[in-house]
Structure formats: structure tokens, C-alpha cells
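Quick notes on the structure that follows.
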RNA sequence: CGCGGGGUGGAGCAGUCUGGUAGCUCGCAAGGCUCAUAACCUUGAGGUCCCGGGUUCAAAUCCCGGCCCCGCAA
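Residue numbers (this note's numbering): 412 to 724.
The structure is reproduced here in C-alpha cells:
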């Protein structure tokens with residue numbers, strides 16, 4: 412029906428690329444894409460363009476990957492595209508006011524939590540780590556304060572009991588893409604009623620660091636199990652076994668109770684690899700010793716010389 | 001040229017430094033035992049020790065090259 416909007420898209424990882432694909436399938440025209448510059452990554456330190464870059468290139472959409480975004484040159488590029496709105500999905504940078512106000516409808520962000528809860532870089536992960544029963548997606552107008560802008564649309568889903576950040580993100584991405592299209596349509600029609608966030612309800616979802624993955628056995632089994640799920644696929648959870656790094660890919664609460672101190676292996680037999688925490692026992696179900704392949708607990712135990720009484724951490 | 005570990009019967013590992021008959025925990029097959037079932041005991045089958053070359057009387061082991069897997073880092 413209404414007009415065709417020129418849109419600029421800013422994003423970097425796979426979820427952003429998936430969202431961009433859906434945006435391209437909509438009624439509007441993505442006239443330009445902004446993404447992070449190539450960085451060396453992976454074994455061998457090869458540099459490769461991020462998913463959004465590859466997608467845009469394949470579609471023949473103009474792409475820029477500025478090292479710095481607070482430059483007049485970059486602003487000129489954005490202005491030349493003359494966007495009606497700028498869509499931001501996991502771009503990975505704080506945008507300055509000049510960019511937030513560059514388009515007539517400002518910057519539209521897809522955020523993977525039920526704002527005002529979990530403002531910040533890792534909303535899906537913290538939703539799981541804190542044991543929430545539901546997660547969700549919010550579209551909102553970007554403002555200078557982190558994730559504090561007025562809410563356009565929001566949708567919630569229930570979490571599975573074995574939900575990981577990866578699986579949750581996978582579920583939320585298409586929902587977010589749908590909300591994004593609905594939001595843009597609503598903005599065009601003027602039917603959208605942006606809701607200011609309730610500041611008092613706001614909580615934070617700070618960016619995760621590699622060290623967050625180190626398992627603290629003084630936490631409870633419940634907490635550790637949630638964190639293991641929340642840290643998949645990144646940064647992953649790990650502990651130490653006889654001085655060697657041991658990654659924990661999957662774990663669950665063991666039904667049995669065992670005496671022991673936090674970090675003590677209370678049972679390592681057949682398919683049971685049980686570790687005592689400060690409160691309760693946790694069963695490691697899939698682990699990976701440094702330099703080795705990831706293995707189900709049962710396989711790992713056959714080769715590892717471990718026994719009840721040995722200690723992790 | 002980012003750093004590093006590894007490839008050994010069906011699975012997971014030891015053995016490699018210090019070259020000399022292929023080992024452990026399982027699985028599989030057959031038989032046995034039991035009030036004892038995270039069962040247990042006995043016997044058995046199953047291996048080009050990743051590939052190619054070199055050194056040597058002799059190579060899983062030492063040297064060179066190749067393929068594949070993985071940890072750190074990002």
C-alpha cells in the first residue's frame with residue numbers, strides 16, 4: 412500500500428544477517444548496510460568478513476565497514492543514502508547522537524529481551540542464567556541511554572527447560588524479524604503507540620567475558636546448570652581437571668544427594684560424572700578436555716583416569 | 001607465516017622422551033555364577049599403530065613431507 416522506504420541496516424553477526432534477509436524480503440528497500448570491519452579470527456588468524464557483510468555483498472547492497480563511526484566521512488555516507496529509518500541489530504557499537512537523529516524516524520533497534528528487563532549486550536544469556544520462565548523480543552527507538560528508548564512492539568515466548576542462549580536466540584531471531592517488519596509498517600501508518608519504559612523495572616544484561624565461563628563450584632547446582640546453558644555457545648563453561656582445561660558443554664541437576672565439598676567428583680562410573688557443588692550435585696553430561704574432542708560423559712570416563720574423590724576447579 | 005596438543009582393534013585412552021612380542025577402561029560374541037545387578041567370573045573375535053618417504057639388524061616409537069581433528073587466542 413503506502414510508500415516504499417529507503418532503509419539503512421546496521422548489524423554484524425549471523426542473527427543480524429538473518430534479520431536483514433527478512434527485511435529485504437519486505438516491502439522496503441535496503442539502500443545501504445553498515446557492519447564491523449573484518450577481524451582476524453579462528454585458528455590461523457585468518458580474516459573473514461562477518462555474516463552481514465557477506466550477505467549484503469551477495470545481494471549487491473552497498474556495504475561500508477568503518478573502523479571509526481564518529482567521523483564526518485562516515486556521516487556523509489549515511490546521509491547520502493537518505494534513509495527514512497536506520498535499523499540496528501547486533502551491530503556491536505554505541506551510536507552517537509548524530510546517527511541516532513540522522514533519519515526522520517531515527518534508529519530502530521531489535522533487542523532480544525522483554526525490556527525494560529535485561530538492557531545491555533547479552534540479554535538472551537542473562538534471561539537463561541537468571542532462570543526466567545520466559546524470554547522475548549522488543550523493538551524500540553534507540554536513544555543515547557543504553558536500551559532505554561520507547562518500546563514499539565514486544566513478544567514473549569516460554570523457555571524450554573534445556574534452553575541455551577544459542578537455541579533461544581534461534582527462536583527469537585525470526586520473531587524479531589517479524590516484529591521489525593510490523594514496526595516499520597506501523598510507523599508508516601502512524602498507528603504505533605510507543606511506550607516509555609518503566610525505569611524502576613529496568614535490569615542489566617552486561618556483556619559476557621571469557622572468564623565468566625569459569626565454573627565456580629561454590630555456587631549451587633541450580634545456578635551452575637543455568638550458567639552452563641546461558642554460556643552456550645559463548646563463552647562456554649570450563650573448569651580444571653588435574654591442571655588441564657575441561658570444558659563443560661552440557662550438564663543437569665543430579666537427582667541424588669552426595670556428601671562432599673564443592674568441586675569434588677562424587678561419582679565417575681559408567682555414564683555418571685557427578686560433581687558436588689555448594690548445594691546439590693550436578694551431572695556433567697558432555698565435556699571436552701583441552702586439545703581433545705567433545706565427548707559424552709560415558710565416553711570421557713572410559714579414557715580419563717578419574718575416580719570419586721578427585722577434584723575439579 | 002599468531003601459539004600449542006593430537007590421529008593406536010567398534011568407542012574412549014596408555015605406550016612414543018630412553019626403538020626390541022600391541023596394553024588399559026568399555027563395547028561385541030560364547031559360556032558360567034549369583035541371596036548379592038552401578039552385577040560378577042572365564043574364554044574368544046577384532047589392529048594397514050592416519051598416509052607417503054627416510055634412518056636402522058629392528059620403527060607405534062627417531063627424521064622429513066602430506067592429509068585430518070582439536071585447545072588457546074580473536
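Think of the CB as a built atom: it goes at the ideal place given N, C-alpha and C, for glycine as much as any other residue.
Pop quiz: residue i and residue j are said to be a contact at Cβ under 8 Å. What is the actual Cβ separation, rounded to whole angstroms?
i	j	result
residue 419	residue 537	About 29 Å; that fails the 8 Å criterion.
residue 458	residue 450	6 Å
residue 500	residue 518	Not confirmed; about 11 Å, so no contact.
residue 548	residue 511	No, residue 548 and residue 511 are not in contact; Cβ-Cβ is about 21 Å, not under 8 Å.
residue 671	residue 628	That belief does not hold up - the Cβ atoms of residue 671 and residue 628 are roughly 10 Å apart, past 8 Å.
residue 422	residue 463	5 Å
residue 597	residue 603	4 Å
residue 660	residue 634	The pair is not a contact, with the Cβ atoms about 18 Å apart (cut-off 8 Å).
residue 655	residue 699	Not confirmed; about 11 Å, so no contact.
residue 719	residue 676	6 Å
residue 444	residue 472	5 Å
residue 429	residue 588	7 Å
Less than 6 Å between C-beta atoms, sequence neighbours within five positions excluded: which residues of the same chain meet that for residue i?
i	result
residue 616	529, 531, 533, 534 and 537
residue 595	none
residue 477	485
residue 612	527
In the structure shown, what three-state DSSP assignment does residue i receive?
i	result
residue 438	coil
residue 697	strand
residue 429	helix
residue 475	strand
residue 612	helix
residue 685	strand
residue 414	coil
residue 566	strand
residue 712	helix
residue 457	strand
residue 443	strand
residue 624	helix
residue 618	coil
residue 423	coil
residue 522	strand
Starting from residue i, follow the alpha helix (DSSP H) in both directions and report where the run begins and ends.
i	result
residue 537	534–540
residue 582	576–600
residue 633	632–641
residue 465	462–470
residue 603	From DSSP, residue 603 is part of no alpha helix (DSSP H); its letter is neither H nor E.
residue 488	483–492
residue 510	508–511
In chain order, what residues of the same chain lie with their CB nearer than 8 Å to the CB of residue i, ignoring the 5 residues before and after it?
i	result
residue 580	426, 523 and 535
residue 681	709 and 712
residue 632	664, 665, 688, 690, 691, 692 and 693
residue 539	546, 570, 574, 575, 576, 579, 637, 640 and 641
residue 541	637
residue 669	677, 678, 685, 687 and 692
Spatial neighbours of residue i within its chain, please: C-beta separation below 7 Å, excluding the five flanking residues on both sides.
i	result
residue 494	417, 418, 419, 442 and 514
residue 488	475
residue 701	655 and 656
So residue i is in the beta strand (DSSP E); what residue range does that whole segment cover?
i	result
residue 677	676–680
residue 657	655–664
residue 372	With the chain covering only 412 through 724, there is no way to say anything about residue 372.
residue 500	496–500
| Quick check: the stretch 571–579 against the stretch 556–563, are there 3 or more CB pairs under 8 Å? | no
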